[in-house]
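Count along the sequence shown from 1, then add 662; that gives the number in the numbering used here.
Note that beta-carbon positions come from the ideal geometry of N, C-alpha and C, so glycine has one too.
Quantities reported herein were computed from a predicted structural model and do not represent experimental measurements.
Shown next, in structure tokens, is the structure this report addresses.
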Amino acid sequence: MDDWTTTALAQFLATKNVSADAYSFYVQRDDSICLDKVGEEWLVYFSDRGTRREMAWAKSEAQALEYLRLFILDAPMGKSPPLR
């Protein structure tokens, strides 16, 4: 999908048996891959005990959600995602 929305991505991830605790949209949640808007860009990051570990920046929400999807699906279960 080229134009993800938060609702569509959450539904897609549920079909892949990804726990809703593995990610968060616009709310920082420890041990999760999160999405937030910073200025005019979107940041995808891993929240590690309150610390944001940047993974990707995007120019649109849809692009950021695609990055989040890829990171979630590539992360080994129970492991932190690879950090850049």
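A straight line joining the alpha-carbon of Glu-702 with that of Lys-721 spans about 7 Å. Following the DSSP letters along the chain, one finds Glu-703 in no alpha helix (DSSP H) but inside the beta strand (DSSP E) bounded by residues 703-710. Look at Arg-691 here: in three-state DSSP terms it is coil, with no helix or strand label. Annotation: Thr-668 is outside any beta strand (DSSP E); the continuous alpha helix (DSSP H) that includes it extends over 668-677. In this structure, the alpha-carbon of Asp-665 lies about 5 Å from that of Ala-724.
Excluding the 5 residues flanking it on each side, Tyr-729 has same chain C-beta neighbours closer than 8 Å at Val-706, Met-717, Ala-718 and Ala-720, in chain order.
With a beta-carbon spacing of about 7 Å, Asp-692 and Gly-712 fall inside the 8 Å limit used to define contacts. Annotated as proximal: Leu-727 and Thr-668, with beta-carbon spacing under 8 Å.
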